[in-house]
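Residue numbers (UniProt numbering): 1 to 178.
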């Protein structure tokens, strides 16, 4: 691949799906250490391709068989599947919802025409909690509850209204008890 190297492709893939399985194949054994940054499923050395490829493909096939909870979102004319664990929070903006992943800015969030109540129904069984009329938060990424806000592990602050405060506290207690 003359224009783009494997690490650049891996970086791009991980940006869009942190859980994707990447297998590096290279004749440069010393690249195995550089590849660790991308959390590869495996690093296959071309010199050992015959003995390493088949067992790793079988392992990959087993892993792919395990179902990851997802939500399918209609963004205009295309459909996007998002793993629920990749969604950090959902924000309402007029008639749209913005689905944020870890490092998304407002422009990078996935924009969907949907009601917050519909998203809440789909996500509440998966550790998401409504914190405000305009926000749903994945409790897996909550760092701290303050008086009127939730702090997330990525540093973002999400408002908590009085109407939802008890619900948020109960959900936090449920997560802690698990």
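Glycine included, every Cβ here is placed at the ideal spot set by N, Cα and C.
The region 163 to 175 and the region 123 to 138 touch, with three or more beta-carbon pairs separated by less than 8 angstroms. Between residue 85 and residue 96, the CB-CB gap reaches or exceeds 7 angstroms. About 11 angstroms separates the Cβ atoms of residue 36 and residue 22, ruling out a contact at the 8 angstroms cut-off. About 5 angstroms separates the Cβ atoms of residue 70 and residue 81, confirming a contact at the 8 angstroms cut-off. For residue 124, the closest alpha carbon among the candidates 134, 133, 111 and 138 is that of 138. According to DSSP, residue pairing for residue 26 in a beta bridge involves 45. Note that the C-beta distance between residue 89 and residue 44 is not below 7 angstroms. For a cut-off of 8 angstroms, the C-beta gap from residue 155 to residue 92 is around 21 angstroms, too long to register as a contact. Under the three-state reduction of DSSP, residue 172 is assigned to helix. Distance from residue 98 to residue 111 at the Cβ level is roughly 6 angstroms; contact confirmed, criterion being Cβ atoms closer than 8 angstroms. Excluding sequence positions up to five before and after residue 109, its CB lies within less than 7 angstroms of the CB of 98, 99 and 100, all in the same chain and listed in chain order. If you look at residue 12, you'll find it in the alpha helix (DSSP H) that goes 6 to 16. For a cut-off of 8 angstroms, the C-beta gap from residue 136 to residue 120 is around 6 angstroms, short enough to register as a contact. Within the DSSP secondary-structure output, residue 144 pairs in a beta bridge with 151. Taking a C-beta distance under 7 angstroms as the contact criterion, residue 151 and residue 144 qualify as a contact pair.
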